[in-house]
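Shown next, in structure tokens, is the structure this report addresses.
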Ligand SMILES: C[S@@+](CC[C@H](N)C(=O)[O-])C[C@H]1O[C@@H](n2cnc3c(N)ncnc32)[C@H](O)[C@@H]1O
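Numbering (this note's numbering), first residue to last: 34 to 297.
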């Protein structure tokens with residue numbers, strides 16, 4: 034893996050939260066952790082005949098699991114060039130590549146994929162970008178192709194607008210990036226209007242920074258290394274504690290969700 038990490042050239046106070054965590058040693062950067070990732074991959078059931086496109090692979094944790102299923106091809110589309118270099122270091126041969134670009138406009142061919150998925154990237158986008166990314170996924174997929182997302186979901190369905198605004202405000206302040214989770218019905222609506230039939234859903238608690246989840250996702254040694262790095266680095270500690278505070282404050286109104294859908 035290259036020694037450079039996303040965020041290396043950014044000020045710790047302004048850095049997007051996921052890169053703060055990456056700088057501290059965290060590799061799993063999605064809300065439902067590896068547990069929901071495994072549900073997502075089980076639903077997608079990737080095999081040797083699949084052509085897979087992953088949006089926003091980050092540090093490539095899910096990419097490695099996907100590659101172990103030996104798909105016919107794997108293409109990642111990642112906006113951050115340092116993250117793309119990390120992912121590229123796991124790839125080999127002409128059927129595996131990581132393109133630096135955006136999921137809204139990948140430049141890939143129509144119908145090039147049988148499976149598309151993305152984790153922890155739609156929630157950060159405003160609604161019109163969410164729709165553009167979903168229609169790009171639909172364009173890339175062959176009819177009957179499989180699509181899955183792993184994102185943050187607001188609960189309950191009748192959550193008030195005031196609470197939603199407060200969640201968006203507190204998360205954006207602490208993460209230093211836009212955070213716009215949707216209700217489950219809204220996630221399903223954006224999927225359906227892009228031409229997908231939702232088939233399965235999985236949820237768990239959004240516990241990205243809780244000790245138990247850290248150990249589950251990063252292993253005991255990884256979790257201890259992250260804790261040690263956070264203890265040593267006061268600017269990062271401030272950021273991590275602020276993110277954990279915002280997530281805990283709104284824990285009753287957020288869940289991690291995986292939605293698996295089929296292109297109609
Ligand atoms: C929170 S991280 C999640 C990374 C990884 N999917 C994971 O779950 O560990 C968000 C990732 O999305 C990427 N990203 C954000 N918007 C994107 C876009 N429009 N197109 C491609 N990548 C994007 C970021 O560069 C970053 O790698």
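The beta-carbon is built from N, C-alpha and C at its ideal position, and this holds for glycine as well.
Checklist entry - Would you call residue 196 buried or exposed, if buried means 16 or more other Cβ atoms sit within 10 Å of its Cβ? => result Working through the chain shown from its first residue, we reach residue 196 at position 163. It counts as exposed.
Next on the checklist: Within the continuous beta strand (DSSP E) that includes residue 111, where are the two ends?
Outcome noted: In the chain shown, the residue the question calls residue 111 occupies position 78. DSSP places residue 111 in the uninterrupted beta strand (DSSP E) bounded by 106-111.
Next on the checklist: Using 8 Å for Cβ pairs, my map puts residue 129 next to residue 107. What's the rounded Cβ distance?
Outcome noted: Taking the first residue of the chain shown as position 1, residue 129 is located at position 96. Taking the first residue of the chain shown as position 1, residue 107 is located at position 74. Contact holds; Cβ gap of about 5 Å.
Item to check | 6 Å CB neighbourhood of residue 49 in its chain, flanking five on each side removed | outcome: Taking the chain shown and counting its residues from 1, one reaches residue 49 at position 16. Cβ neighbours of residue 49 beyond the five flanking positions: 209 and 210.
Item to check | Pair within 8 Å by beta-carbon distance, residue 227 and residue 267 | outcome: In the chain shown, the residue the question calls residue 227 occupies position 194. In the chain shown, the residue the question calls residue 267 occupies position 234. It is not a contact, given that the beta carbons lie outside the stated cut-off.
Next on the checklist: Could you give the first and the last residue of the continuous alpha helix (DSSP H) run that contains residue 276?
Outcome noted: Sequence index remark: in the chain shown, residue 276 carries index 243 (1-based). From DSSP, the alpha helix (DSSP H) with residue 276 extends over 267-282.
Next on the checklist: Rounded to the nearest angstrom, what separates residue 61 and residue 155 at their Cα positions?
Outcome noted: On the chain shown, residue 61 is found 28 positions in, with the first residue counted as 1. On the chain shown, residue 155 is found 122 positions in, with the first residue counted as 1. As the crow flies, the alpha-carbon of residue 61 is around 16 Å from that of residue 155.
Checklist entry - Helix, strand or coil for residue 287 per DSSP? => result Here residue 287 refers to the residue found at position 254 of the chain shown. In this structure, residue 287 counts as strand in the three-state DSSP scheme.
Checklist entry - Going along the chain, which residues of its own chain have a beta-carbon closer than 8 Å to the beta-carbon of residue 237, five neighbours each way excluded? => result Here residue 237 corresponds to residue number 204 of the chain shown, with the count starting at 1. Cβ within range, chain order: 65, 66, 68, 69, 288 and 289.
Checklist entry - How about residue 203 and residue 101: are their beta carbons less than 8 Å apart? => result Indexing the chain shown from 1 puts residue 203 at position 170. Indexing the chain shown from 1 puts residue 101 at position 68. In this structure, residue 101 does not lie closer than 8 Å to residue 203 by Cβ.
Checklist entry - Within the chosen definition, does the segment 251-271 reach the segment 81-95 through at least 3 CB pairs nearer than 8 Å? => result By the Cβ rule, the segment 251-271 does not count as touching the segment 81-95, because fewer than three pairs are nearer than 8 Å.
Checklist entry - CA-CA distance, residue 298 and residue 135? => result Residue 298 cannot be examined here, being either before or after the span of the chain that is shown, 34 to 297.
Item to check | Every unbroken beta strand (DSSP E) inside the segment 87-139 [3 residues or more] | outcome: Those beta strand (DSSP E) runs which fall completely within the segment 87-139 and span 3+ residues are 106-111 and 129-133.
Checklist entry - Heavy atom of ligand 1 less than 7 Å from the Cβ of residue 58, yes or no? => result Position 25 of the chain shown, counting from 1, holds the residue named residue 58. It does not: the Cβ of residue 58 is nowhere closer than 7 Å to a heavy atom of ligand 1.
Next on the checklist: Pop quiz: residue 56 and residue 80 are said to be a contact at Cβ under 8 Å. What is the actual Cβ separation, rounded to whole angstroms?
Outcome noted: Walking along the chain shown from the start, residue 56 turns up at place 23. Walking along the chain shown from the start, residue 80 turns up at place 47. Contact between residue 56 and residue 80 does not hold, since the beta-carbon distance rounds to 36 Å and is not under 8 Å.
Checklist entry - If we ignore side chains and look at the alpha-carbon of each, how far apart do residue 183 and residue 265 end up? => result Numbered from its first residue, the chain shown carries residue 183 at position 150. Numbered from its first residue, the chain shown carries residue 265 at position 232. In this model, residue 183 and residue 265 are separated by some 32 Å (Cα to Cα).
Item to check | Contact set for residue 295: own chain, Cβ-Cβ below 8 Å, skip 5 residues either direction | outcome: Looking up residue 295 in the chain shown gives position 262. Excluding sequence neighbours, residue 295 sits near 177, 178, 179, 180, 229, 230 and 232.
Checklist entry - Do residue 84 and residue 146 have their C-beta atoms closer together than 8 Å? => result As a working mapping, residue 84 is identified with position 51 in the chain shown. As a working mapping, residue 146 is identified with position 113 in the chain shown. Yes, Cβ-Cβ distance for residue 84 and residue 146 is below 8 Å.
Next on the checklist: Does residue 161 pass the burial test, meaning 16 or more other C-beta atoms within 10 Å, or should it be called exposed?
Outcome noted: The sequence position of residue 161 within the chain shown is 128, counting from 1. That one is exposed.
Checklist entry - Taking the DSSP output, what are the residues bridged to residue 186? => result Translated into the one-based positions of the chain shown, residue 186 becomes position 153. Assignment of beta-bridge partners to residue 186 by DSSP yields 215 and 288.
Next on the checklist: Give me the residue from 222, 219, 124 and 205 with the minimum Cα distance to residue 283.
Outcome noted: Residue mapping note: residue 283 aligns to position 250 of the chain shown, counting from 1. Among 222, 219, 124 and 205, the Cα nearest to that of residue 283 belongs to 205.
Checklist entry - Can you find a heavy atom of ligand 1 that lies under 7 Å from the Cβ of residue 53? => result The residue given as residue 53 occupies position 20 in the chain shown. No, Cβ of residue 53 sits at least 7 Å from all heavy atoms of ligand 1.
Checklist entry - Quick one: does the C-beta of residue 91 sit closer than 7 Å to a heavy atom of ligand 1? => result In the chain shown, residue 91 corresponds to position 58, counting from 1. With a cutoff of 7 Å, residue 91 counts as near ligand 1, since its C-beta is closer than that to a heavy atom of the ligand.
Item to check | Contact set for residue 104: own chain, Cβ-Cβ below 6 Å, skip 5 residues either direction | outcome: Sequence index remark: in the chain shown, residue 104 carries index 71 (1-based). Excluding positions up to five away in sequence, the list reads 79, 83 and 85.
Next on the checklist: Residues in the same chain with beta-carbon distance under 6 Å from residue 112, minus the five sequence neighbours each way, listed in chain order, please.
Outcome noted: The residue labelled residue 112 in the question sits at position 79 within the chain shown. Closer than 6 Å at Cβ, skipping near neighbours: 135.
Item to check | N-terminal and C-terminal residue of the beta strand (DSSP E) that residue 151 is part of | outcome: Against the chain shown, residue 151 aligns to sequence position 118. 146-152 is the span of the beta strand (DSSP E), which, as asked, contains residue 151.
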